[in-house]
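In what follows, a single structure is set out as structure tokens and then discussed.
2 protein chains.
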Amino acid sequence: MEGSQSLEEHPYIPRDLKLPGFVPGVLSQSTIIGFYAVSSLLVVSTIFVLSGRSPKRSKTERWLMCWWAFTGLTHMILEGYFVFSPEFYKDKTACYLAEVWKEYSKGDSRYAARDAGVVAVEGLTAVLEGPASLLAVYALATGKSYSYILQFAISLGQLYGTAAYFITSWLEGDNFAASPFYYYAYYIGANASWVVIPTLISIRCWKKICAAFQVQGQKKTKVR
Amino acid sequence: MEGSQSLEEHPYIPRDLKLPGFVPGVLSQSTIIGFYAVSSLLVVSTIFVLSGRSPKRSKTERWLMCWWAFTGLTHMILEGYFVFSPEFYKDKTACYLAEVWKEYSKGDSRYAARDAGVVAVEGLTAVLEGPASLLAVYALATGKSYSYILQFAISLGQLYGTAAYFITSWLEGDNFAASPFYYYAYYIGANASWVVIPTLISIRCWKKICAAFQVQGQKKTKVR
């Protein structure tokens, strides 16, 4: 009986996942998602307004600055907390960041289980891509010549990470969600932005960089 | 007794790794490495000689073409075989590619054990980076405007993959080598080129791309 009790303690799949000392989350799903949505909206609208001060800046560039600020802070704060808090599921203080990962683990229990593939991808994302995303905001704001190659590098890192994240789950049986709802809402839905947006940005940067080399080529021909 | 016999069957660490049906390798270490070295030398020298036919091409570009041909074929043939041969350790035919992975697993038994992280990284490497590397040879040979951004993208993928490869091993206890010799020769030594060379190429491409945007910027200023 004791054995079956300890298996019933957490809401995650697989049911036989051992999480000794697990403390259930106390914040509701709507509180957790609502707070993330409102904070993100605050960041995005602040960047959008501030970036509009320069009349030379295009709408696309302003939206890109919003994206890099949003994704950079998500990587550094949310994912950074996960990477350096192996025991978040034992948290008793209702700390918001621990609650996020207790909730998200319903869509992918490998977070609570501390799967090495997930921790490696999240580690690279939080430590390298997070700060690099904030650098991309600065590069766009100041029109640096490395702006496109930096955005391309981070987007490619995000795509590689998301691909590895989905492939490892598939190889391990794709059975880490507490229900189809959590599977589609959290595991698929929450990650979809990090497939679609980096793909669009990569294509845009690729084209801009090719165009720059064509201009350089024309210039060289003229000089000759 | 039966249990302990089956544990003694393979030469890998951890000793309790289960590999039912394991067939020991028959080719010697020097045969395996020698064949890879001679084939690689053949590829590299062929590309180096052929690429020298155009007098406009710099030495650096010729060496880059050699690297991309070598790494592309390694990704597609060696790593491609591994990805699509989950039971290579049962091979009885002394097939060279199976022998390579039976030997390399002495440096990292996660290959024989089919660790999801390793298979995911090798899958992305073999299926995406392999063909892309051969495209880089073509792009360099024909002076395409996408040459630098393509080389940058593949190098970054190689660096991300190698980082994820080392980090997952470290998170899982870094105890997958049959001896310190295999650890340093195979796990560290054989992977070192895919850290050093992609780093150098990434830096070179980053600088070239930034320079192209500076030229473009100057041109725009002149036109005004």
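Protein chains in written order, with my numbering: chain E, -12 to 211; chain D, -12 to 211. No residue lacks a Cβ here, since even glycine has one placed at the ideal position from N, Cα and C.
Would you say residue i lies against chain E (beta-carbon separation less than 7 Å)?
{"i": "D:Val70", "result": "no"}
{"i": "D:Thr129", "result": "no"}
{"i": "D:Glu159", "result": "yes"}
{"i": "D:Gln16", "result": "no"}
{"i": "D:Thr58", "result": "no"}
{"i": "D:Gly104", "result": "yes"}
{"i": "D:Trp193", "result": "yes"}
{"i": "D:Phe22", "result": "no"}
Is the beta carbon of residue i sitting closer than 7 Å to the one on residue j?
{"i": "D:Ser120", "j": "D:Gly39", "result": "no"}
{"i": "E:Cys53", "j": "E:Val31", "result": "yes"}
{"i": "D:Ile19", "j": "D:Glu90", "result": "yes"}
{"i": "D:Leu4", "j": "D:Ala100", "result": "yes"}
{"i": "E:Val124", "j": "E:Ala56", "result": "yes"}
{"i": "D:Val10", "j": "D:Lys93", "result": "no"}
{"i": "D:Ala165", "j": "D:Pro7", "result": "no"}
{"i": "E:Ala24", "j": "E:Glu66", "result": "no"}
{"i": "E:Phe243", "j": "D:Ser132", "result": "Look at the range of chain E in this structure, -12 to 211, and you will see that residue 243 of chain E is not part of it."}
{"i": "E:Gln138", "j": "E:Ile188", "result": "yes"}
{"i": "D:Ala140", "j": "E:Leu143", "result": "yes"}
{"i": "E:Ile216", "j": "D:Ile196", "result": "With chain E represented from -12 up to 211, any question about residue 216 of chain E goes unanswered, as that position is not in the structure."}
Just to make sure I have the definition right: I need the residues of chain E whose C-beta is within less than 7 Å of the C-beta of residue i. Which are they?
{"i": "D:Ile0", "result": "Near D:Ile0 there are no residues of chain E at all, since even the closest Cβ is about 17 Å away, more than 7 Å."}
{"i": "D:Thr149", "result": "The contacting residues do not exist; D:Thr149 stays about 11 Å from chain E at best."}
Starting from the beta carbon of residue i, find every residue of chain D whose beta carbon is closer than 8 Å, and list them in chain order.
{"i": "E:Cys197", "result": "Ser132, Tyr133 and Ile136"}
Between the alpha carbons of residue i and residue j, how many angstroms are there, rounded?
{"i": "D:Val87", "j": "D:Gln16", "result": "9 Å"}
{"i": "E:Arg2", "j": "E:Ala103", "result": "19 Å"}
{"i": "E:Phe69", "j": "E:Val105", "result": "10 Å"}
{"i": "D:Ser27", "j": "E:Ile0", "result": "47 Å"}
{"i": "D:Trp50", "j": "D:Ala128", "result": "12 Å"}
{"i": "E:Tyr171", "j": "E:Thr61", "result": "20 Å"}
{"i": "E:Ala177", "j": "E:Ile154", "result": "16 Å"}
{"i": "E:Ala126", "j": "E:Lys77", "result": "40 Å"}
{"i": "D:Lys194", "j": "E:Gln203", "result": "14 Å"}
{"i": "D:Gly215", "j": "E:Pro42", "result": "Because chain D here runs from -12 to 211, residue 215 of chain D falls outside it and cannot be looked at."}
{"i": "E:Val182", "j": "D:Glu(-4)", "result": "44 Å"}
{"i": "D:Tyr83", "j": "E:Ile136", "result": "40 Å"}
{"i": "D:Glu116", "j": "E:Val13", "result": "45 Å"}
{"i": "E:Ala198", "j": "E:Leu146", "result": "23 Å"}
{"i": "E:Ser134", "j": "D:Phe168", "result": "44 Å"}
{"i": "D:Ala179", "j": "D:Ile64", "result": "19 Å"}
{"i": "E:Met(-12)", "j": "D:Phe22", "result": "Confidence at E:Met(-12) is low in this model, with a pLDDT of 39, below 50, so its placement is unreliable and no value can be given for it."}
{"i": "D:Arg97", "j": "E:Asp95", "result": "23 Å"}
Taking only beta-carbon positions, decide if residue i is within less than 7 Å of chain D.
{"i": "E:Gln145", "result": "no"}
{"i": "E:Phe75", "result": "no"}
{"i": "E:Phe168", "result": "no"}
{"i": "E:Trp88", "result": "no"}
{"i": "E:Ala107", "result": "yes"}
{"i": "E:Phe212", "result": "Because chain E spans -12 through 211 in this model, residue 212 of chain E falls outside it and cannot be assessed."}
Does DSSP put residue i in a helix, in a strand, or in coil?
{"i": "D:Leu29", "result": "helix"}
{"i": "E:His(-3)", "result": "coil"}
{"i": "E:Val70", "result": "helix"}
{"i": "D:Pro42", "result": "coil"}
{"i": "D:Thr47", "result": "helix"}
{"i": "D:Cys197", "result": "helix"}
{"i": "E:Gln53", "result": "Inspection of the sequence shows that residue 53 of chain E is occupied by Cys rather than by Gln. Correct three-state label for E:Cys53: helix."}
{"i": "E:Ser96", "result": "coil"}
{"i": "E:Gly(-10)", "result": "For E:Gly(-10), the predicted structure reports a pLDDT of 42, less than 50, and the residue's modelled location is therefore unreliable. A value from the coordinates is still provided. Of the three classes helix, strand and coil, the one that applies to E:Gly(-10) here is helix, per DSSP."}
{"i": "D:Arg2", "result": "coil"}
{"i": "E:Arg101", "result": "coil"}
{"i": "D:Tyr133", "result": "coil"}
{"i": "E:Arg191", "result": "helix"}
{"i": "D:Val182", "result": "helix"}
{"i": "E:Leu14", "result": "coil"}
{"i": "D:Ala81", "result": "coil"}
{"i": "D:Glu116", "result": "helix"}
{"i": "D:Pro7", "result": "coil"}
{"i": "E:Glu90", "result": "helix"}
Strictly below 9 Å CB to CB, what residues from chain D border residue i?
{"i": "E:Thr225", "result": "Outside the shown range of chain E (-12 to 211) lies residue 225 of chain E, about which nothing can therefore be said."}
{"i": "E:Phe9", "result": "Chain D residues near E:Phe9: none, gap ~21 Å exceeds 9 Å."}
Just the chain E side, please: which residues come within less than 8 Å of residue i by C-beta, in chain order?
{"i": "D:Gly204", "result": "Ser132"}
{"i": "D:Phe139", "result": "Ile136, Phe139 and Ala140"}
{"i": "D:Phe163", "result": "Result: empty, since nearest Cβ-Cβ is about 12 Å, beyond 8 Å."}
Strictly below 7 Å CB to CB, what residues from chain D border residue i?
{"i": "E:Thr155", "result": "Ala103, Gly104 and Ala107"}
With a threshold of 6 Å, establish whether the CB of residue i neighbours any heavy atom of the ligand NAD.
{"i": "E:Ala177", "result": "With respect to the ligand NAD, the structure shown offers nothing to examine, as it has no ligands at all."}
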